[in-house]
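Just so we're aligned: 380 in the working numbering is position 229 of the sequence shown, and the numbers increase by one with no gaps anywhere.
Worksheet for the structure shown next.
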Amino acid sequence: MTDADPRVLLTGFPGFLGSALLERLLARGDGPVACLIQPHYRSLAERRAAELVEAVDGIDASSGPIRLYEGDITEPDLGLETGAFDALESVRECYHLAAVYDLGVRQDLAEAVNVRGTEHVLDAAETLDVDRFQYVSTCYVSGRYDGVFTEAHLEEGQSFNNHYEETKYRAEVLVQERMAEGLPTTVYRPSIVVGDSETGETGKYDGPYYLLRILAAQPTACSVGLTLPASSRTEFNVVPRDFVVDAIAHLSAHDDAVGEVYQLCDPTPLTVPAFVDALADAMGHRVISPLVPKPVARGMLAGFESLGLPAEPATIDYFDHPTSYACPNTRRALAGTELECPPFESYVERLVEFALEHPEIGDEAMV
Numbered sequence: 152m153t154d155a156d157p158r159v160l161l162t163g164f165p166g167f168l169g170s171a172l173l174e175r176l177l178a179r180g181d182g183p184v185a186c187l188i189q190p191h192y193r194s195l196a197e198r199r200a201a202e203l204v205e206a207v208d209g210i211d212a213s214s215g216p217i218r219l220y221e222g223d224i225t226e227p228d229l230g231l232e233t234g235a236f237d238a239l240e241s242v243r244e245c246y247h248l249a250a251v252y253d254l255g256v257r258q259d260l261a262e263a264v265n266v267r268g269t270e271h272v273l274d275a276a277e278t279l280d281v282d283r284f285q286y287v288s289t290c291y292v293s294g295r296y297d298g299v300f301t302e303a304h305l306e307e308g309q310s311f312n313n314h315y316e317e318t319k320y321r322a323e324v325l326v327q328e329r330m331a332e333g334l335p336t337t338v339y340r341p342s343i344v345v346g347d348s349e350t351g352e353t354g355k356y357d358g359p360y361y362l363l364r365i366l367a368a369q370p371t372a373c374s375v376g377l378t379l380p381a382s383s384r385t386e387f388n389v390v391p392r393d394f395v396v397d398a399i400a401h402l403s404a405h406d407d408a409v410g411e412v413y414q415l416c417d418p419t420p421l422t423v424p425a426f427v428d429a430l431a432d433a434m435g436h437r438v439i440s441p442l443v444p445k446p447v448a449r450g451m452l453a454g455f456e457s458l459g460l461p462a463e464p465a466t467i468d469y470f471d472h473p474t475s476y477a478c479p480n481t482r483r484a485l486a487g488t489e490l491e492c493p494p495f496e497s498y499v500e501r502l503v504e505f506a507l508e509h510p511e512i513g514d515e516a517m518v
């Protein structure tokens, strides 16, 4: 292996989280980084790679700090030609972020990408005999667990809101099985990831952005929201992208993180009504949220969606989500650093400002 050979393999580029994490890896000198990309995202990946190389101080563009490999995690050997896979033999660390992040995803697609895709990346990591496997899961492997869900929880007999949650759960089960068998692994579970806390930037308007955009489409003097009977005791746990990426970058650099699970969540989240109030205040809207039965609320969102309004009926399951998330492992690991999840109220105005200034961004998953 030479200094010119890739030392890191990253999936999930040029996605929202993957792009930000790649910038952190380059900044700390972890390159060259081999990025697995799908062929139809080639032009986007090339453009973002060029932007990242220009943005990071001290990077020599001529050394090829970012190497793009066309492949597909749904296929064995990551869909790479034999020669291309052999070129990765110098890789010592693998970051697996690629997944379908979509609450309404079809079961077959979620199965192919989130479960079989993760299995193929695990197989590749073992074939390459990597020193570290860094896996980005989600807090919502909890499904509808009734109670406080910590890093110590996983297989709890829980039910799931959708195919996204269930397949991410099954994928993490596979990862933890390999970890138990000796693959040096760290698992990261973000809660609902929103835009950057400093700039508000995001790459996709999903999750809480549906609520933001529905309110934005209504008069400021009186906007109508939704609330369910259980919403007043339901936590809506969101984290900004920069906290998630900074935490992963920090923890992945420490050997004592091997074998650990870290939930990257807000330790003091708002309830659903308080979350809606924070959005409304940031937008300058007066919001009325009538209490409606869940089937009626789901039907209302489906109706909004049919009219072309930004709505996803699957989001209503999070208005009475029975799970609270705690992150004692993460808080211990980040103690003494400046890394902590900021309160939603401290950055909600920047999220709103960015969303209103960039209506061209959609809610399509990168698949």
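C-beta atoms are modelled at their ideal positions from N, C-alpha and C, and glycine is treated no differently.
Computed from a predicted model, the values in this text were never measured in an experiment.
Measuring CA to CA, which of the options is closest to residue i?
i	options	result
E411	L402, D156 and R199	L402
V299	P473, A506, E489 and F505	P473
P165	G354, E504, A238 and P227	G354
L421	F470, P190 and G333	F470
R384	R193, F426, V207 and D228	F426
S374	A381, R364 and S382	R364
E563	D280, V345, E270 and E328	One cannot answer for residue 563 here, as it falls past the ends of the chain, which runs 152 to 518.
A249	P359, R243, G222 and D259	G222
A453	I439, S241, G255 and L485	G255
L128	V159, V409 and A368	Outside the shown range of the chain, which is 152 to 518, sits residue 128, and nothing can be said about it.
Q285	A206, Q327 and A462	Q327
P190	F167, G230 and G182	G230
E262	V184, E323 and P418	E323
Y315	I343, E332 and L507	I343
T378	T318, R392, A433 and P444	P444
If we count the other Cβ atoms within 10 Å of its Cβ and call it buried at 16 or more, is residue i buried or exposed?
i	result
P446	exposed
V292	buried
I224	buried
P341	buried
G351	buried
P359	buried
D259	exposed
L161	buried
H509	exposed
T419	exposed
DSSP has residue i in a bridge; who is on the other side?
i	result
Y360	None, per the DSSP bridge assignment.
Q285	Y246 and T337
R218	A185
S475	V299
Y413	Y339
CB-CB under 6 angstroms to residue i, same chain, minus the five flanking residues each way: which ones, in chain order?
i	result
F236	D228
T466	Y361
A477	V299 and T301
N312	D468
L273	R329
Quick one: residues in its chain with C-beta nearer than 7 angstroms to the C-beta of residue i, no 5 flanking neighbours on either side, listed in chain order?
i	result
V204	I210, A212, P216 and I217
A429	L421, F495, E496 and V499
P335	D282, R283, F284 and V409
So, for residue i: in the same chain, excluding its five sequence neighbours on each side, which residues have a beta-carbon less than 8 angstroms away from its beta-carbon?
i	result
R437	T371, A372, C373, S374 and A431
contact_flag[the segment 456-464, the segment 391-410] where n(CB pairs < 8 angstroms) is 3 or more: Pairwise C-beta distances place the segment 456-464 out of contact with the segment 391-410, as fewer than three of them are shorter than 8 angstroms.
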